[in-house]
Amino acid sequence: MSENNVLQFLKRKRTGNRTEDGTPRLTVPKCDQCRRDKKKCELDAQNTSAPCRWCKKQNFPCSERTLKPRKKAKVAPVDVVPVDTSFVNTTPARGIATFEDHEELRRLRASQDCLMEILRQLFKNDTDIGSLDKGFCLCIASAYNDVKAAKFLLNCGADINANVEGEYGNALHAASANGAEGIVKLLLQNGANGIVKLLLQNGANVNAKAPVYGSTALYVASEKGAEDIVKLLLQNGADINAEGRECGTALQAASANGAEGIVKLLLQNGADVNAKGGVYRSTALHVASANRAEGIVKLLLQNGADVNAKGGVYRGTALHVASANGAEGIVKLLLQNGADVNAEGRKYRTALQAASTNGAEGIVKLLLQNGANVNAKGAYRSTALYVASEKGAEDIVKLLLQNGADINAEGGECGTALQAASANGAEGIVKLLLQNGADVNAKGGVYRSTALHVASANRAEGIVKLLLQNGANVNAKGGAEGIVKLLLQNGANVDAKGGVYGSTALYVASENRAEDIVKLLLQNGADVNAKGGVYGITPLKAALAKGDEDIVKVLLQKGAY
């Protein structure tokens, strides 16, 4: 039995091996079947093991071991169960075998004092175990709330601030996170708080940062909702504004996870309510708005949060975030506290565009009532009417038109709102826009197309009929044809080959059923039989493969074979 068997047992579940430099790696337990996070696994009332939800989703075949009910082990008292300690002097310190392979360790597993028993056997012969290994054991004991084992390890010289590679880092991080997460049932009544007190009393660095994410114990405890531990850490001098991990500060972590009690506690202890942090340099108000935590938003505003501070994934204000996430109550609260309804952001230029893009009709109405500029332009110079038309949000389109939206404003990839609706098959919106005076022949977008062009290109027959009934010019020039004509007029080689397969423009137009462009290229002397495409075929064969009779006739008239 190797020494690593014992270290593996201390984890209570299988973990990864050590890193290349020999540093122990602390990882989360794994599912017996797919080796994923064991926290996702399920146990039914009969104590029958079941595959985790991921396994079920993937339809993995269930192993006999996975489905077989576990028998309740009859465990002898620890002082009666013999423990083989021969590994102390006979096996290298870093073996690979796991505790699951050994009957003795399985029998000890159910005993509350098994961790202590293993540690006593491990250290009683003065085994040469380094301080880092002891620190690793301490991290495991802290994660499992075992105060007795932690005291024993500290007495044996465990490094209380040893950084172990993994999610938590050191013992204090592990204990702080476990205070709310409850990885296992408390082994002792004083639980995680007792562990944290013990670590602090023995000189743990309260502001030490984990090696992977750079988070402090206060951040982890705030993120996990462990209010008692947050109090304890603050009483012992934790830096309340220390930044680390994806959210930023402890206040942002608590705000992101809806821990209103901790938010209040941090603010009472001097947390910077407007501090920016995390990947997107958000404030606590941004993350609370994004997570629709209305109570926390109210609390932050009462404590002086800057309602117009910019940051977050949208590089806008909290109003942008709340509007994009459909949090109508928070939008109302922010507006009541002086939010700039027309403040500009990056992804969504205004909150109105954010709400229109995401179909939040109630928020659109609320923003318009509070003076939102209905014709403000955002990304690609698109208006709220354009994005609502593009997304097929008919009720929002009606609301915007009722509030004076410019129906022919140009912007976006397609051009006008009519073109956007036509391109996306939104027949109801096309009809609504035409009834409200949309210019049926307006040109816009990259190729200066009309609504008829884009509807035809997308084979939207119903919209094409509707546009023609409303006076669409069937002979209007535009789209890709206009670009081709412009290039030819400026000396483009009509038979130039390009692309992966060395195709000509005529081959590409024939393959894509662009009859007008085929005619234009032939009028300008294109080689009707130039081969191209993956199979090296002629334009005629490409048109035949697509079943386009009109292009086939045009090509045959020009001598194609």
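Taking full-length UniProt numbering, the leading residue of the sequence shown gets 1, the next gets one more, and so forth. Ideal Cβ positions, reconstructed from N, Cα and C, are used throughout, including at glycine. A quick note: this is a predicted structure, and the numbers were derived from the prediction, not measured.
Problem - Residue of G499, N493 and K558 minimising C-alpha distance to K519 - result: K558
Exercise for the section: Find the nearest neighbour of A496 within the set N274, N490, A505 and L488, judged by alpha-carbon distance. Expected result: A505
Handout entry: For A492, the nearest candidate out of S503, L521, N473 and Q353 (CA to CA)
Key = L521
Handout entry: According to DSSP, residues forming a beta bridge with G277
Key = S282
Practice task
With a cut-off of 8 Å on the beta carbons, I'd call N303 and V273 a contact; round off their distance for me.
Solution key: A Cβ-Cβ separation of about 5 Å places N303 in contact with V273 under the 8 Å criterion.
Exercise for the section: Report yes if the C-beta distance between K398 and G345 is below 9 Å; otherwise report no. Expected result: no
Problem - 7 Å CB neighbourhood of H320 in its chain, flanking five on each side removed - result: Y314, G345, Y348, A351 and A354
Practice task
Please report the Cβ distance between N408 and V374, rounded to the nearest whole angstrom; I am assuming they are in contact, meaning their Cβ atoms lie under 8 Å.
Solution key: Going by Cβ atoms, the distance from N408 to V374 rounds to 14 Å, so no, they are not a contact pair.
Practice task
Determine the closest residue to residue 592 out of E223, N524, G499 and K224, with distance taken between C-alpha atoms.
Solution key: Because the chain spans 1 through 561 in this model, residue 592 falls outside it and cannot be assessed.
Problem - Y386: first and last residue of the uninterrupted alpha helix (DSSP H) it sits in - result: A384 to K391
Practice task
Enumerate, from N- to C-terminal direction, the unbroken alpha helix (DSSP H) stretches of 4 or more residues contained entirely within the segment 289-328.
Solution key: 294-302 and 318-324
Exercise for the section: Using alpha carbons as the reference points, say which of V263, E410 and A376 lies closest to R448. Expected result: For R448, the nearest C-alpha among the options comes from E410.
Problem - Nearest neighbour of G371, chosen from A421, S382, Y507 and G338 [CA to CA] - result: G338
Handout entry: Own chain residues within Cβ distance below 6 Å of I363, not counting five before or after
Key = S323, E328, V331 and A355
Problem - Where E461 falls, given that 16 or more other Cβ within 10 Å makes a residue buried - result: exposed
Problem - alpha helix (DSSP H) runs contained entirely in the segment 485-523, provided each spans 4 or more residues - result: Listed in chain order, the complete alpha helix (DSSP H) runs (minimum 4 residues) inside the segment 485-523 are 505-511 and 515-523.
Exercise for the section: Within its chain, find whatever has a CB closer than 7 Å to the CB of G547; leave out the 5 residues flanking it on each side and keep chain order. Expected result: none
Handout entry: Identity of the residue in E294, G312 and G237 nearest S282 by Cα
Key = G312
Handout entry: Spatial distance of E511 from A542 (CA atoms)
Key = 5 Å
Exercise for the section: May I ask which residues mark the beginning and end of the alpha helix (DSSP H) holding E461? Expected result: Counting along the chain, the unbroken alpha helix (DSSP H) around E461 starts and ends at E461 to Q469.
Problem - Distance between I463 and E42 (C-alpha atoms, nearest Å) - result: Residue confidence for E42 is low, a pLDDT of 44 falling below 50, so the modelled location carries little weight and cannot support an answer.
Handout entry: Own chain residues within Cβ distance below 7 Å of G502, not counting five before or after
Key = In the same chain as G502, and ignoring 5 residues on each side of it, the C-beta atoms closer than 7 Å to its own belong to G532, in chain order.
Handout entry: Integer Cβ distance of E427 from L466, believed to fall under 8 Å
Key = 7 Å
Handout entry: Rounded separation between L555 and E390 - CA only
Key = 37 Å
Exercise for the section: State buried or exposed for Y535, treating a residue as buried only when at least 16 other CB atoms are found within 10 Å of its CB. Expected result: exposed
Exercise for the section: Look at N473 and L452 and say whether their C-beta atoms are less than 9 Å apart. Expected result: Contact: yes.
Practice task
Would you tell me roughly how many angstroms separate the C-alpha atoms of G498 and V484, rounded to the nearest one?
Solution key: 15 Å
Exercise for the section: Verify whether the separation of the beta carbon atoms of I551 and E515 is less than 9 Å. Expected result: yes
Practice task
Closer than 6 Å by C-beta to I262: which residues in its own chain qualify, once you throw out the five before and the five after it? Chain order, please.
Solution key: S222, E227, V230 and A254
Problem - Rounded C-alpha distance that separates L468 from N441 - result: 10 Å
Handout entry: 7 Å Cβ shell around N436 - same chain, five flanking residues per side excluded
Key = L401 and I407
Practice task
Spell out the partners DSSP gives I537 in its beta bridges.
Solution key: According to DSSP, I537 bridges with G532.
Exercise for the section: In the DSSP assignment, find the unbroken alpha helix (DSSP H) run with S456 in it and report its ends. Expected result: Residues A451 to A457.
Exercise for the section: Have a look at T357, L368 and G359 and flag the residue whose alpha-carbon is nearest the alpha-carbon of L335. Expected result: L368
Exercise for the section: Using beta-carbon positions only, say whether G258 and Y219 come within less than 9 Å of one another. Expected result: no
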